[in-house]
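Encoded as structure tokens, the structure appears first; notes follow it.
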Amino acid sequence: MRNLIIQILLLVIPLVGVNAVSAQNVASEQIKRSVVIDPGHGGPRPGKQHRDIVEKDYVLDVSIEVRKQLSRKMPELDVYLTRSCDSAYHESQSTDNRLRAEFCNNKAADLYVGIHANALGDTKVKGCEVWVLTLNEKLMNQNKLVGARYADDGDFINPEDIDRNSQGFMMALSRQLENEPYSRFFAEECCKNMASYGLVNKGVKAGTVYTVLYYSECPGVIVEMGYLTNNDDYNYLYSKGSKQEMATAISDAIVTYFKTLYGSESCEVSEAAEETASTQESVVEDSKAEEINEGYAIQLISSMKEVDINDYQFKEYKGKVRLIMGSGKYKFKYCYGSYKSSADAQEDLNHARKTFKDAYIVKYNNGAIVAK
Ligand SMILES: [Zn+2]
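Per the working numbering, the sequence shown starts with residue 278, numbered consecutively.
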């Protein structure tokens with residue numbers, strides 16, 4: 278993990294210089310990080326509609342699931358949804374998008390993630406893609422030629438309508454230069470994750486000026502989960518479990534983004550988990566652990582704050598989750614099972630990891646964790 282962070286920082290630092298370094302320093306002061314999840318459209322604007330899928334409903338379900346998953350994967354991260362029901366910010370689509378950007382700026386968010394599904398007259402076009410903001414003239418002009426997508430749609434700004442001498446443009450340009458490497462890093466991660474569920478990876482796109490990205494002050498992306506107008510993509514998105522999978526892809530990319538750029542103690546937890554997994558075989562079995570208060574358990578999650586053991590995320594282990602206190606920032610350890618040896622716990626661990634990816638085996642004694 279650490280090598281990966283260094284490799285990525287080496288890629289990012291030459292592009293953004295001191296900004297990446299200062300971000301690291303800021304992180305050591307434990308500033309609260311936040312992400313805004315924006316389910317596209319809503320209220321009077323359904324977005325794309327094809328057969329039985331209405332974009333505004335589909336993206337809302339995925340967004341709510343993203344927030345749910347993040348509360349488990351990264352409880353220290355503040356997650357804000359721009360809407361959690363079928364609503365809009367404004368009757369004008371353009372103003373609506375500006376208000377979403379304003380919401381993001383008011384929250385001083387570190388990342389904006391707009392969630393959408395795509396559609397096109399050409400039904401052969403398929404795949405997932407993630408858009409970032411660039412104000413490069415050549416790219417903007419290329420995209421203008423692609424189609425008349427600016428005609429009646431407040432989701433985009435027509436490059437011809439932008440006054441290049443205005444203060445607003447200067448500010449947007451300077452923000453874009455600073456944020457684009459970060460947005461791209463997230464976009465690449467997100468594309469890769471979505472494609473792992475079988476969607477064609479169309480990659481990171483730039484050139485179309487999304488209104489919400491233009492006015493947002495932080496790095497941001499528009500995630501397009503596939504083309505509703507293509508049969509393969511439609512069948513996937515209509516399939517049971519696709520919302521959960523898309524949410525997993527997006528939330529995993531968010532976790533990677535924050536861990537990579539800012540580091541966190543949960544990073545160390547993951548490293549410990551990997552280490553434990555790789556040295557599992559060398560752990561000496563303690564078959565003498567007969568006292569009730571001593572043994573091995575599977576740690577499902579650890580958290581900075583106390584979590585209700587009946588929380589929905591533990592639904593599969595209802596009534597079987599218990600809190601064991603550990604040390605460090607993430608001292609609330611939510612565990613399952615009681616085993617005489619770590620080998621005995623292995624089978625259940627494999628099962629637990631299907632839901633709790635970072636689960637691992639811990640040794641406890643007298644109600645406290647004594648070893649990982
Ligand atoms: Zn959309």
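Every residue, glycine too, gets a C-beta built ideally from N, C-alpha and C.
Length of the line joining the Cα atoms of residue i and residue j
| i | j | result |
| --- | --- | --- |
| M351 | N435 | 38 Å |
| G398 | E457 | 30 Å |
| Y607 | K333 | 36 Å |
| V486 | I586 | 45 Å |
| A648 | C612 | 14 Å |
| I499 | L412 | 15 Å |
| A530 | F463 | 6 Å |
| K415 | D438 | 16 Å |
| G644 | Y616 | 14 Å |
| A566 | K595 | In this predicted model, A566 has a pLDDT of only 34, less than 50, meaning its place in the structure is not dependable; the value taken from the coordinates is given anyway. Spanning the two alpha carbons is a distance of roughly 26 Å. |
| T632 | I578 | 11 Å |
| V546 | K384 | Summary for V546: the model assigns pLDDT 35, below 50, so the residue's position carries little reliability; its value from the coordinates is reported in the next sentence. If I take the Cα positions, the gap works out to 28 Å. |
| R441 | K479 | 30 Å |
| I646 | K640 | 6 Å |
| T400 | L358 | 31 Å |
| L533 | A472 | Going by the sequence as given, residue 533 is Thr instead of Leu. So the two alpha carbons sit approximately 16 Å from each other. |
| Y539 | H628 | 31 Å |
| R461 | A620 | 42 Å |
| K345 | K482 | 28 Å |
| D329 | L347 | 28 Å |
| V407 | S618 | 46 Å |
| S519 | V339 | 9 Å |
| E593 | R349 | 14 Å |
| Y389 | R310 | 12 Å |
| S604 | D355 | 23 Å |
| A597 | Q521 | It should be noted that the sequence gives Lys, not Ala, for residue 597. Their Cα atoms are separated by approximately 24 Å. |
| Y474 | S369 | 35 Å |
| V477 | N420 | 21 Å |
| V336 | T506 | 16 Å |
| Y366 | G572 | 54 Å |
| Q444 | G497 | 21 Å |
| G484 | D432 | 14 Å |
| D363 | N642 | 49 Å |
| S516 | Y504 | 14 Å |
| N570 | K582 | 24 Å |
| T537 | P316 | 25 Å |
| S580 | Y589 | 15 Å |
First and last residue of the uninterrupted beta strand (DSSP E) at residue i
| i | result |
| --- | --- |
| C405 | C405 to V409 |
| S370 | The residue asked about is misnamed: residue 370 is Gln in this sequence, not Ser. Per DSSP, Q370 belongs to no beta strand (DSSP E); it is in the alpha helix (DSSP H), Q370 to N383. |
| A394 | L388 to N395 |
| Q576 | E571 to S580 |
| F446 | F446 -> not in any beta strand (DSSP E); alpha helix (DSSP H) instead, spanning Q444 to A472. |
| N642 | Y637 to N642 |
| L600 | V598 to M602 |
| D430 | Segment: none, D430 is in no beta strand (DSSP E) and carries neither H nor E. |
| D315 | S311 to P316 |
| Y594 | Taken as a continuous stretch (DSSP letters only), Y594 belongs to no beta strand (DSSP E), as it is neither H nor E. |
| N478 | N478 to A483 |
| I646 | A645 to A648 |
| K610 | F609 to Y616 |
| I499 | G497 to Y504 |
Presumed contact (8 Å Cβ cut-off) between residue i and residue j, rounded CB distance
| i | j | result |
| --- | --- | --- |
| A526 | I575 | Incorrect: roughly 25 Å between the Cβ atoms, too far for contact. |
| C405 | E501 | 6 Å |
| I638 | A622 | 5 Å |
| V312 | A386 | 6 Å |
Boundaries of the alpha helix (DSSP H) in which residue i is found, first to last residue
| i | result |
| --- | --- |
| K536 | S519 to Y539 |
| I341 | E332 to K350 |
| L358 | Unbroken run through L358 is the beta strand (DSSP E), D355 to L358; no alpha helix (DSSP H). |
| E656 | No answer is possible for residue 656: it lies beyond the span of the chain, which begins at 278 and ends at 649. |
| V489 | T488 to Y492 |
| N512 | N508 to Y515 |
Check: residue i C-beta below 7 Å from any heavy atom of ligand 3
| i | result |
| --- | --- |
| E501 | Of the ligands one can find in the structure shown, namely ligand 1, none is ligand 3. |
8 Å Cβ cutoff, residue i in contact with chain C
| i | result |
| --- | --- |
| S619 | As a matter of chain content, chain C is missing from the structure shown, which is built from one protein chain. |
Quiz prompt | Quiz: which residues have CB nearer than 5 Å to ligand 1 non-hydrogen atoms | solution = G317, G324 and H393
Quiz item: Just checking, does the segment 463-475 make contact with the segment 515-529 on the three C-beta pairs under 8 Å criterion?
Solution: yes
Self-check item: Three CB pairs or more closer than 8 Å across the segment 507-520 and the segment 446-461
Solution: no
Quiz item: With contact counted as at least three CB pairs below 8 Å, one residue from each stretch, are the segment 434-450 and the segment 375-388 in contact?
Solution: no
Quiz item: Is it true that the segment 384-398 meets the segment 317-329, where meeting means three or more beta-carbon pairs spaced less than 8 Å apart?
Solution: yes
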